[in-house]
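Please read the structure below before turning to the comments.
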Amino acid sequence: MSQLNEHFKKSKTDFLMFSQTICVYCSIAKRYLKNKGLSYTEINLDHHDGLRRELVMETGHRTVPVLFDLRGDEIVFVGGSDNLIEYKL
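In the working numbering, each residue's number is its place in the sequence shown (first place is 1) plus 222.
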């Protein structure tokens, strides 16, 4: 099983966010989700070798954060913090 799928299966929150330690846009996304009352699991890519490459291969998204909506029956790739703000919550 891929690292990405393992994180999808383990997460029991509304959103799954892949971030890095120094990331202003990650802070914006976290604050936005918190203000909307939505839960999220944060995975810091600094601590997961190979996962960033897997995310780029799966989504084409090369920057952090990388956000997924886990609330429905299907996992939805949202994108980054700008995409999250435009996303219909």
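Note that the Cβ used here is the ideal one computed from N, Cα and C, for glycine as well.
Whole runs of the beta strand (DSSP E) within the stretch 229-265, excluding any shorter than 3 residues: Scanning the stretch 229-265 from its first residue to its last, the whole beta strand (DSSP E) runs of 3-plus residues come out as 237-241.
Straight-line Cα distance separating Cys-248 from His-317: Here the chain covers residues 223 to 311 and nothing more, so residue 317 does not appear.
Where the alpha helix (DSSP H) containing Val-278 begins and where it ends: Numbered from its first residue, the sequence shown carries residue 278 at position 56. Looking at the DSSP string, the run of the alpha helix (DSSP H) that includes Val-278 is 273-281.
Boundaries (first-last residue) of the alpha helix (DSSP H) holding Asp-291: As a first step, residue 291 must be located in the sequence shown, where it is residue number 69. Not the alpha helix (DSSP H): Asp-291 falls in the beta strand (DSSP E), residues 288-291.
Whole-Å CB distance - Leu-292 paired with Lys-258, under 8 angstroms assumed: The residue given as residue 292 occupies position 70 in the sequence shown. The residue given as residue 258 occupies position 36 in the sequence shown. About 15 angstroms; that fails the 8 angstroms criterion.
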